[in-house]
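Structure first, commentary second.
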Ligand code: ADP
Ligand code: MG
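Numbering (my numbering), first residue to last: 981 to 1554.
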């Protein structure tokens, strides 16, 4: 394997977050080769790209598992999760960690039964350039970094627990997470600004014969880095500004270390600038198999941060590590435990007759200098030796297929896949729900719109009817007006004719009837309402009726004179 293969870089792009980015466009374009990604017209190629629909199991299998495989063979292995806050670093790192636990113990159970293992774990965080133990309840005092020729850089007084099952590791992780959130709340700080490091050390002795057996130590670091987004310094001054600068220091130093490592002209690598780069000096440019998982979000709104993450990842790709198997490590705890076990066994054989020396069996659980052997100057009785032996042996895992554990492991893996599937189903269900709600809203709006339109149409119909009605009424009115006008005209005509006739009658009366007779006539005439006409009393003796009789009797007088005379005669009779 070439040295380039010691540093692998993969990218994981999480799906759109339903709550915040539901309406956002996806701006990343993943090539079907699974290695090329295009963003804002830039193209990057990595060892592997995990798309929006990648599963936790797939990410582990196709990237992290290789590192864990190396660790159980005695290599140092480091996995970094890098990226903007909210892009899935913790989500990805958590699954990798749980799968790594399973994988390590699966490997142990399948190893030859002449292989012994000692597995230890630590969990700590770096916040504001201070290191805090996450597996120690009173972790108020920040821990210091030390360096020795044998161990390299290490955290002094850091808790280190011996574990011999997956559930031990899971419990430690849960304890650390709890401590972390308590610290974040108590100190009123942002958890996304801290780096957490979970370390698993796997020591192994291959072979039973102490003269021919070989010892290997693999060290696994899982680093969940702080959010890579720029820390806002606006409006900050004094202590706050210094704090902001310190929070950024580790990430800035990480970039500088990577830049120096990939610059052929660089003469100095600034590992010592920050706690993080000091701790990880082996992982970057040193003796380690390293994997960087660059996490990005697909939304357009994060394009700048995603580009910056991809540039960082691209630079990291050029780092060259020289990974070698750590063999015959001098300070291996397993070696010391093995020595103590051998001695205790020897004592048992002598049935407690031997006065024992000060054997140091540092318990990884508390690192106490727990002195064994002589207590109160008296030899240890066989029971005590047996107990001590048992306790020591319990810390050691032995190789060999353990079918029950394997079945349990399989079941756990199935359960995890099931949980993941259920989570996905739940997300899908929620998305479906959101979609349905939107559709309902749309339909409701459409319905309202439809009802309004119907209402408008009905009103329009009514308006049209009313309009026609008005038109009819208007023309009827004008017809009636015309009729009235005609009637009016006719009436006026009738009045005019009647007036003429009255005038004629008056003229005749004025000229032919003397006023004295007229009075008589007036007194003799009355209007009959029933028949609607004037009636004269003794009509048979009126002028014209009398005149008819006279004509019959007359002989010579002119007609006019006669007429007048008759009128006079007629009237004289009254
Ligand atoms: P970070 O640690 O980078 O700040 P988190 O891991 O806390 O981000 O992820 C933010 C949110 O996005 C969480 O709710 C997480 O469950 C969700 N998330 C991240 N990556 C994925 C993914 N690949 N699939 C589904 N949900 C994801
Ligand atoms: Mg996180």
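Glycine is no exception: its CB is placed at the ideal position from the N, C-alpha and C atoms. Since the structure is predicted, the reported quantities are computational estimates derived from the model, not experimental observations.
Inter-segment contact for the region 1293 to 1312 and the region 1230 to 1250 is present: three or more beta-carbon pairs are separated by less than 8 Å. Between the ligand ADP and residue 1116, a heavy atom-to-CB distance of less than 8 Å is absent. In this structure, residue 1015 sits away from residue 1072, with a CB-CB distance that is not shorter than 9 Å. For residue 1132, the enclosing beta strand (DSSP E) covers residues 1132 to 1135. Between residue 1205 and residue 1060 a beta carbon distance of about 6 Å is seen, short of the 8 Å cut, so the two are scored as contacting.
Ranked by how close their Cα comes to the Cα of residue 1274, the residues 1285, 1267, 1265 and 1281 have 1285 in first place.
Counting C-beta atoms within 10 angstroms of its own C-beta, residue 1304 has fewer than 16 neighbours from the protein chains shown and is therefore classed as exposed. For residue 1061, the Cβ falls inside the 8 Å cut-off from some heavy atom of the ligand ADP. Under DSSP, the beta-bridge partners assigned to residue 1195 are 1185.
For the pair residue 1198 and residue 1181, the CB atoms are nearer than the 9 Å cut-off. With a cut-off of 8 Å, the C-beta of residue 1156 is classified as distant from the ligand MG, since no heavy atom of the ligand falls inside that distance.
The alpha carbon of residue 990 has as its nearest neighbour, out of 1294, 1036 and 1131, the alpha carbon of 1294.
For residue 1515, the enclosing beta strand (DSSP E) has its first and last residue at 1513 to 1516. Collapsing the DSSP output to three states places residue 1050 in a helix. Residue side-chain check: residue 1275 places its Cβ nearer than 8 Å to a non-hydrogen atom of the ligand ADP. Within a 10 Å sphere around the beta-carbon of residue 1494 sit fewer than 16 other beta-carbons, which makes this residue exposed.
Going by beta carbons, residue 994 and residue 1032 fall inside the 9 Å limit.
Residue 1128: member of the beta strand (DSSP E) spanning 1125 to 1128, first to last residue. Among the bridge pairs identified by DSSP, residue 1142 is matched with 1100. Closest in C-alpha terms to residue 987, from the list 1007, 1507, 1282 and 1050, comes 1050.
When the Cα atoms are used, residue 1327 and residue 1365 turn out to be separated by approximately 8 Å.
Around the CB of residue 1184, 16 or more other CB atoms lie within 10 Å, so the residue is classed as buried. Here residue 1179 carries a strand assignment [DSSP, helix/strand/coil].
In the DSSP annotation of this structure, the continuous segment of the alpha helix (DSSP H) that includes residue 1292 starts and ends at 1283 to 1296. By the rule of a C-beta closer than 5 Å to any heavy atom of the ligand ADP, the residues picked out are 994, 1065, 1066, 1067, 1068, 1069, 1070 and 1071. Between residue 1112 and residue 1287, the C-beta spacing is not below 9 Å. For residue 1238, no pairing in a beta bridge is given by DSSP. Here residue 1374 is near residue 1144, since their CB atoms are less than 9 Å apart.
Within the same chain, 1516 and 1517 come within 6 Å of residue 1504 by CB-CB distance, once the 5 residues on both sides are set aside. Per DSSP, the unbroken alpha helix (DSSP H) holding residue 1322 starts and ends at 1313 to 1329.
Per the DSSP secondary-structure output, residue 1279 pairs in a beta bridge with 1006.
Approximately 6 Å separates the beta-carbon atoms of residue 1209 and residue 1065; this is inside 8 Å, confirming the contact. Per DSSP, the continuous alpha helix (DSSP H) segment holding residue 1495 begins and ends at 1495 to 1504. Of 1491, 1106, 1035 and 1114, the smallest CA-CA separation from residue 1075 is found for 1035. A direct Cα-to-Cα measurement between residue 1428 and residue 1037 gives close to 48 Å. For residue 1113, the enclosing beta strand (DSSP E) has its first and last residue at 1110 to 1113.
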